[in-house]
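Asks:
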Amino acid sequence: MPTAVVTGASSGIGAATARSLATAGYHVFCAARRRDRVEALAAEIGGTAVVCDVTDETQVVALAATVGSSLDLLLNNAGGAIGTDPVESADADDWRRMYEVNVIGTLLVTRALLPALVASGAGTIVNLGSTAGHFPYEGGGGYVSAKHGVAAMTETLRLELNGRPVRVTEIAPGMVRTDEFALNRFAGDESRADAVYAGVREPLVAEDIADAITWVATRPAHVNIDLMVLKPLAQAAAHKVHREL
Ligand code: 8X3
Numbered sequence: 049m050p051t052a053v054v055t056g057a058s059s060g061i062g063a064a065t066a067r068s069l070a071t072a073g074y075h076v077f078c079a080a081r082r083r084d085r086v087e088a089l090a091a092e093i094g095g096t097a098v099v100c101d102v103t104d105e106t107q108v109v110a111l112a113a114t115v116g117s118s119l120d121l122l123l124n125n126a127g128g129a130i131g132t133d134p135v136e137s138a139d140a141d142d143w144r145r146m147y148e149v150n151v152i153g154t155l156l157v158t159r160a161l162l163p164a165l166v167a168s169g170a171g172t173i174v175n176l177g178s179t180a181g182h183f184p185y186e187g188g189g190g191y192v193s194a195k196h197g198v199a200a201m202t203e204t205l206r207l208e209l210n211g212r213p214v215r216v217t218e219i220a221p222g223m224v225r226t227d228e229f230a231l232n233r234f235a236g237d238e239s240r241a242d243a244v245y246a247g248v249r250e251p252l253v254a255e256d257i258a259d260a261i262t263w264v265a266t267r268p269a270h271v272n273i274d275l276m277v278l279k280p281l282a283q284a285a286a287h288k289v290h291r292e293l
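Residue numbering for the sequence shown follows my numbering, starting at 49 and increasing by one per position.
(1) If you run the structure through DSSP and keep just helix, strand and coil, what is F106?
(2) Please give the ranges of any alpha helix (DSSP H) in the stretch 51-122, keeping only runs that are unbroken, at least 4 residues long and fully inside the region.
(3) My parser needs the alpha helix (DSSP H) runs of 4 or more residues fully inside the stretch 142-229; what are they?
(4) For the alpha helix (DSSP H) holding V277, just list the boundary residues, first then last.
(5) Per DSSP, N124 is paired with what?
(6) Is the beta carbon of V192 sitting closer than 7 Å to the one on P184?
(7) Could you pull out every residue in the same chain whose Cβ sits closer than 7 Å to the Cβ of A260, ignoring the five residues on either side in sequence?
(8) Identify which residue in L207, S178, G190 and A258 has its Cα closest to the Cα of E136.
(9) State yes or no: is the C-beta of A138 within less than 7 Å of the C-beta of G56?
(10) Give me the Cα-Cα distance between L281 and E228, rounded to the nearest whole angstrom.
(11) For the candidate residues L69, S178, T154 and F234, whose alpha-carbon lies nearest to that of T266?
(12) For D237, which residues from the same chain have a beta carbon less than 8 Å from its beta carbon, with the 5 sequence-adjacent residues on both sides left out?
(13) Using 8 Å as the Cβ pair cut-off and three pairs as the minimum, do the stretch 84-93 and the stretch 108-120 touch?
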């Protein structure tokens, strides 16, 4: 049975992808900070729960020990946005936290699991980027910078792994309505979170991204999907969203 590690598996795209991969036949290591959530998910899909904060190297090393000597797929999904302050008034601590989870977290997990991915003979790394990692927008601030970091790291890694049996993909979603992304960005302010999706007929949902990731992972081993950008029909560009208000 192929194996997969999904970080940030406690909700949203991570949880949906863990379910989708399990349906596709993977044994999924569901990694996230919230024990109750990963244990419930792992029980539901017949996977393994691992409590892991991707920014804590000790916990990441323990995750790698739990996975063992061979791994087929790593989804670096843990991440997120904090705030929408313009650069001129940005909170440096918010930027540090975003860089830490999106970039350093991806680095730590990738570094720890790379030997197992190589050992599988046909490993795949999927990094969850964002349209924000390719197209800056006002107020995107630290999130835009962090996701550009994820995009750059993904490209660099593919170059460095050339000749070894590990594919490297970036999935770059635009507007995806999940339970927590916008709520976390606005520190739990539901009206600001809801405003992000106001009048948008059908934002993407976590299952749309899970479907794409599962498709990427299940291509023949010689096919590397470098980058996949996904947006809802209503979003022609980061700034160009059709709203029916
Ligand atoms: C989510 C897309 O537009 O909120 O990664 O930056 S956006």
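Each residue gets a CB set at the ideal place from its N, CA and C atoms; glycine is no exception.
Replies: So, from the data block:
(1) On the sequence shown, residue 106 is found 58 positions in, with the first residue counted as 1. Looking at the sequence provided, one finds Thr at residue 106 rather than Phe. Three-state result, T106: helix.
(2) Correct list: 60-71, 83-93 and 105-115.
(3) If you keep only unbroken alpha helix (DSSP H) runs of at least 4 residues inside the stretch 142-229, you get 153-167 and 189-208.
(4) The residue labelled residue 277 in the question sits at position 229 within the sequence shown. Element bounds for V277: not the alpha helix (DSSP H) but the beta strand (DSSP E), L275 to L278.
(5) Here residue 124 is taken as the residue at index 76 of the sequence shown, counted from 1. The partner list for N124 (beta bridge, DSSP) reads N175.
(6) Working through the sequence shown from its first residue, we reach residue 192 at position 144. Working through the sequence shown from its first residue, we reach residue 184 at position 136. Judged by beta-carbon spacing, P184 lies within the 7 Å limit of V192, meaning their Cβ atoms are closer than that value.
(7) In the sequence shown, counting from the first residue as 1, residue 260 sits at position 212. Within the same chain, A260 has close Cβ partners I219, M276 and L278.
(8) Along the sequence shown, read from residue 1 onward, the residue named residue 136 stands at position 88. When only C-alpha atoms are compared, the closest one is G190.
(9) On the sequence shown, position 90 is the one that residue 138 refers to. On the sequence shown, position 8 is the one that residue 56 refers to. Cβ distance not < 7 Å, so A138 and G56 don't count as in contact.
(10) Within the sequence shown, residue 281 is the residue found at index 233, counting from 1. Within the sequence shown, residue 228 is the residue found at index 180, counting from 1. Answer to the nearest angstrom: the Cα atoms are 22 Å apart.
(11) Along the sequence shown, one-based indexing puts residue 266 at 218. Residue nearest to T266 within the set L69, S178, T154 and F234 is L69 (criterion: CA-CA distance).
(12) For the purposes of this step, residue 237 is taken as the residue at position 189 of the sequence shown. In chain order, L231 place their CB closer than 8 Å to the CB of D237, counting only its own chain and leaving out the 5 sequence neighbours on each side.
(13) The stretch 108-120 and the stretch 84-93 do not touch, with fewer than three beta-carbon pairs separated by less than 8 Å.
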